[in-house]
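Visitor: Starting off with a structure, shown below.
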Amino acid sequence: MNDRYDAGAAGHGADQYELVGYDEYGRPVYRQVPPQQQTQQPYDGYTQQGYGYDPYATGGQQAQQYDPYGGDTGQQPQTPSYDPYGTGTHQQQHTGGHSASYDPYGRTAAGGQQPRVAEQTAYIPHQAGPVEEPVTQERGDRDYRTEQFAFVEEPDQDSEDVIDWLKFTENRTERREEAKRRARARVVALVVVLALAAAGGVGYLWYAGKLPGLTSSDDKKDTATPTGAQKRDVIVVHLHNTKKGGTSTALLVDNTTTKQGTTVLLPNALALSGDDGSTTTLAKSVDDDGSSGTRDEIDTVLGTEIQGTWRLDTPYLQNLVDLIGNIEVDTNANVPDPEAKSKGTAPLVRKGKAQTLSGKSAVAYATYQGSGEAQNAQLERFGQVMQAVLRKLTSDAQGATTTVQTLGMIIEPPLTDKDLGAFLARLADLAKGGDYKTALLPVQTDGTLSAQASASVVKDVLGGTAKSPDKDAAIRVSVRNASGVKDNTGKARVVLLNGGFSFQDGGSGAAEATSEVVYADAADKDDATEVAKTLGLPAGAVSKGEVSGNADVSVVLGQDYAPSSS
């Protein structure tokens, strides 16, 4: 870098310029040096500016100040101070022994001595930087101005702002507390509502008799509607065993008021009263009087209103089970295969829980009566099969009707296949929901109904009143023909009815030589003697013994019986 604006003019007597510093952009700043007559001093490269002595001088000679730019050697002017930001005091110009402040932006400082501020001294090329002089201004010489401490006079916080802030924080706290109180109130209210709802639900279940653990079969009868006023649909079903003979009868009951389904099993020994006042059994009524007569006789004895009769032969039961896809039954006996030729063949139905039965095995189990078992044991198995069929049958009325129509059964009027399908669908829905049971009608040895039967089944399930044949109305006489003459049964029947007795057909058996008249109760001895007299039998034919069925007196017509003599 050149030390002058025009380096070429230096040798032609041009004006001399002196570097005084740099501006804020780093550019050199010069001033014009007035021309003077001066003797150029030889250059001593070891002379250090600011120290004022020659370290190599001898004899104690005082070193002269060196001005590399040809200035006055008698007195070294002060090195200009450079402020790159233009805020401090810069070069003091040597004029008449006084110093002038230099402002690189052209501003002239006011008169008077200014306090020195720590700053960076402008760097002059080929010279070492001057040593910074410490600021030694006394505390008392400082110029303090009021505006420098204006913050002392200003208040920290305005009193109104403080009050407003306190109000804000207080209101905010109150709002939070109020929100918490409202939340707690809502929680308490919700808990109270849920508790009341739960209590109401439990109370309703208790009132309706549906509370688990507190409901029993006896509680269901305690409903708002009396048992006699409840609506029931009843159909009687007769299972005819086409191979072995005999029938099994049950009532299918749909209580539409209590939504309860029941199968009531009717023993074959149930005593029924005919239109002519005669007494017969259920089994005899089904064979002799047919479906219509038996239905009317059951209504008379039980006080029911049967809407129709479903005749279910064993082949149709087998097809029904196969059609719905087998059933599951908790079997109570091993049932042999009726078509097995040897005794060592495995049973067709095994005893156990949840046994799967096909159509064939279902029929075998429903009609099975073991050796020495009463007819009620077989009847209960039939009830198990019927309930299992209802559980598997569809609950859709149209689907159940289609199943009935597929079987191809002959439906006896007034029942139709549509009515039967809809009825079975309703029972199937109850059976699937667990609202279905099976009950056996208790019948005494004489075929009559006891008070217990009237209370537990006839009244509660059927809603009727038991009306067994009146014993005082007519003496019930059972006649078994062992004379070898088939017509003797009919002739004896006419004679007994004309004599005021109730006739029961005891069937026929192997021929016997003599006739017998048997009574079981001593009170019936006179009645037995009267029966023998009416039939034309000798008094010696009367004896005490076992009476068959529910008759008061049993008669065996032997070969000595002569109808013409009666």
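Sequential numbering from 36 applies to the sequence shown in our numbering.
Note that CB positions come from ideal geometry on N, CA and C, so glycine has one too.
As the structure is a computational prediction, the values presented were derived from the model and not from experiment.
Who are Y65's beta bridge partners in DSSP?
Guide: Numbered from its first residue, the sequence shown carries residue 65 at position 30. Beta-bridge pairing links Y65 to L54.
Visitor: For the candidate residues Q440, E547, V553, Y554, whose alpha-carbon lies nearest to that of Y596?
Guide: The residue given as residue 596 occupies position 561 in the sequence shown. Comparing Cα-Cα distances from Y596 to each of Q440, E547, V553, Y554, the minimum goes to E547.
Visitor: Straight-line CA distance for H275 to A545?
Guide: Residue 275 sits at position 240 when you count from the first residue of the sequence shown. Residue 545 sits at position 510 when you count from the first residue of the sequence shown. Using only the alpha carbons, I get a separation of about 26 Å.
Visitor: Taking a contact to mean a Cβ-Cβ separation below 9 Å, would you say T297 touches Q265 in this structure?
Guide: Counting from 1 along the sequence shown, the entry for residue 297 is found at position 262. Counting from 1 along the sequence shown, the entry for residue 265 is found at position 230. It is not a contact, given that the beta carbons lie outside the stated cut-off.
Visitor: By Cβ distance below 7 Å, which residues in the same chain neighbour A586 in space, the five residues on each side in sequence not counted?
Guide: Locating residue 586 in the sequence shown gives position 551, where the first residue counts as 1. Hits under 7 Å: R511, V512, S513, Q539.
Visitor: Please check if any C-beta of chain B sits within less than 9 Å of the C-beta of V336.
Guide: Any reference to chain B falls outside this structure, which holds one protein chain only.
Visitor: Kindly indicate which three-state DSSP category N411 falls into: helix, strand or coil?
Guide: Position 376 of the sequence shown, counting from 1, holds the residue named residue 411. Helix, per DSSP.
Visitor: To the nearest whole angstrom, what separates the beta carbons of Q413 and T402, a pair I think is in contact under 8 Å?
Guide: For the purposes of this step, residue 413 is taken as the residue at position 378 of the sequence shown. For the purposes of this step, residue 402 is taken as the residue at position 367 of the sequence shown. Yes, they are in contact, since the Cβ atoms of Q413 and T402 sit about 7 Å apart, within 8 Å.
Visitor: Could you give the DSSP three-state label for A401: helix, strand or coil?
Guide: Here the question's residue 401 lines up with position 366 in the sequence shown. The answer is helix: DSSP assigns A401 an H, G or I state.
Visitor: Helix, strand or coil, according to DSSP, for D469 in the structure here?
Guide: Against the sequence shown, residue 469 aligns to sequence position 434. Looking at the sequence shown, residue 469 is not Asp but Gly. In the structure shown, G469 sits in coil (DSSP, three-state: anything other than H, G, I, E or B).
Visitor: Is the Cβ-Cβ distance between L465 and Q295 less than 9 Å?
Guide: Position 430 of the sequence shown, counted from the first residue, corresponds to residue 465. Position 260 of the sequence shown, counted from the first residue, corresponds to residue 295. Going by C-beta atoms, L465 is nearer than 9 Å to Q295.
Visitor: Could you compute how far the alpha carbon of G394 sits from the alpha carbon of L225?
Guide: On the sequence shown, residue 394 is found 359 positions in, with the first residue counted as 1. On the sequence shown, residue 225 is found 190 positions in, with the first residue counted as 1. Distance between the alpha carbons of G394 and L225: 58 Å.
Visitor: Since I believe S537 is in contact with A509 (beta carbons under 8 Å), could you give me their beta-carbon distance rounded to a whole number of angstroms?
Guide: For the purposes of this step, residue 509 is taken as the residue at position 474 of the sequence shown. For the purposes of this step, residue 537 is taken as the residue at position 502 of the sequence shown. By a beta-carbon distance limit of 8 Å, A509 contacts S537. Their separation comes to about 4 Å.
Visitor: Kindly confirm or deny that the region 365-385 and the region 322-336 touch, where touching means at least three C-beta pairs closer than 8 Å.
Guide: At 8 Å Cβ cutoff, the stretches do not touch.
Visitor: Closer than 8 Å is the cut-off here; do at least three beta carbon pairs connect the region 437-446 with the region 456-473?
Guide: yes
Visitor: Do L572 and N523 have their CB atoms nearer than 9 Å?
Guide: Sequence index remark: in the sequence shown, residue 572 carries index 537 (1-based). Sequence index remark: in the sequence shown, residue 523 carries index 488 (1-based). No. Outside cutoff.
Visitor: Sort out for me which residues DSSP pairs N516 with in a bridge.
Guide: For the purposes of this step, residue 516 is taken as residue 481 along the sequence shown, with counting starting at 1. Answer is S543, L592, bridged to N516.
Visitor: Quick one: Cα of G482 to Cα of A375, how far?
Guide: In the sequence shown, the residue the question calls residue 482 occupies position 447. In the sequence shown, the residue the question calls residue 375 occupies position 340. Distance between the alpha carbons of G482 and A375: 36 Å.
Visitor: Output needed for T339: all residues of its chain with C-beta closer than 7 Å, excluding positions within five of it in sequence on either side, in chain order.
Guide: Looking up residue 339 in the sequence shown gives position 304. Only V269, I333, L497, G499 meet the Cβ criterion.
Visitor: Please classify N276: does DSSP put it in a helix, a strand, or coil?
Guide: Mapped onto the sequence shown, residue 276 falls at position 241. The answer is coil: DSSP assigns N276 none of H, G, I, E or B.
Visitor: Quick one: what does DSSP say L225 is sitting in, helix, strand or coil?
Guide: Locating residue 225 in the sequence shown gives position 190, where the first residue counts as 1. Here L225 sits in helix by DSSP.
Visitor: Is the beta carbon of L307 sitting closer than 9 Å to the one on W345?
Guide: What you label residue 307 is simply residue 272 of the sequence shown in a count that begins at 1. What you label residue 345 is simply residue 310 of the sequence shown in a count that begins at 1. Annotated as distal: L307 and W345, with beta-carbon spacing of 9 Å or more.
Visitor: DSSP puts Q390 in a beta bridge; with which residues?
Guide: To locate residue 390, count along the sequence shown from 1; it is residue 355. In the DSSP output, where bridge partners are listed per residue, Q390 has V364.
Visitor: Are there 16 or more other CB atoms within 10 angstroms of the CB of K378, so buried, or fewer, so exposed?
Guide: Within the sequence shown, residue 378 is the residue found at index 343, counting from 1. Under this definition K378 is an exposed residue.
Visitor: Would the beta-carbon of V370 fall within 9 Å of that of S406?
Guide: Position 335 of the sequence shown holds residue 370. Position 371 of the sequence shown holds residue 406. No. Outside cutoff.
Visitor: Please say whether I341 and R426 have beta carbons closer to each other than 9 Å?
Guide: As a working mapping, residue 426 is identified with position 391 in the sequence shown. As a working mapping, residue 341 is identified with position 306 in the sequence shown. The answer is no: Cβ separation not under 9 Å.
Visitor: Report the rounded CA-to-CA distance for I446 versus N354, giving the unit in angstroms.
Guide: Locating residue 446 in the sequence shown gives position 411, where the first residue counts as 1. Locating residue 354 in the sequence shown gives position 319, where the first residue counts as 1. Rounded to whole angstroms, I446 and N354 show a C-alpha spacing of 16 Å.
Visitor: To the nearest angstrom, how far is the alpha carbon of A233 from that of V424?
Guide: Your numbering for residue 233 matches position 198 in the sequence shown. Your numbering for residue 424 matches position 389 in the sequence shown. One C-alpha to the other measures close to 38 Å.
Visitor: Could you check where the beta strand (DSSP E) with R528 kicks off and where it finishes?
Guide: In the sequence shown, residue 528 corresponds to position 493, counting from 1. Where R528 is concerned, there is no enclosing beta strand (DSSP E), although the alpha helix (DSSP H) it sits in stretches over 523-533.
Visitor: Just the Cα atoms here: how many angstroms apart are G519 and G542?
Guide: Here residue 519 is taken as the residue at index 484 of the sequence shown, counted from 1. Here residue 542 is taken as the residue at index 507 of the sequence shown, counted from 1. The straight-line gap from Cα to Cα measures roughly 12 Å.
Visitor: Using alpha carbons as the reference points, say which of V582, K560, R267 lies closest to A605.
Guide: As shown, the chain starts at 36 and ends at 601. That puts residue 605 outside it, with no answer to give.
Visitor: Taking all protein chains shown into account, decide if Q422 is buried (16 or more other Cβ within 10 angstroms of its Cβ) or exposed.
Guide: Reading the sequence shown from its first residue, position 387 is the one you call residue 422. Q422 should be labelled buried.
Visitor: What is the DSSP secondary structure of V299, counted as helix, strand or coil?
Guide: Here residue 299 refers to the residue found at position 264 when the sequence shown is read from its first residue. Of the three classes helix, strand and coil, the one that applies to V299 here is strand, per DSSP.
Visitor: Which same chain residues, not among the five before or five after D602, have their C-beta less than 6 Å away from its C-beta?
Guide: Because the chain here runs from 36 to 601, residue 602 falls outside it and cannot be looked at.
Visitor: Taking Cβ to Cβ, would you say L476 is nearer than 9 Å to L300?
Guide: Here residue 476 refers to the residue found at position 441 when the sequence shown is read from its first residue. Here residue 300 refers to the residue found at position 265 when the sequence shown is read from its first residue. Yes, the pair counts as a contact, with Cβ atoms nearer than the cut-off.
Visitor: Kindly indicate which three-state DSSP category D268 falls into: helix, strand or coil?
Guide: The count along the sequence shown starts at 1 and reaches residue 268 at position 233. DSSP places D268 in strand when its eight states are reduced to three.
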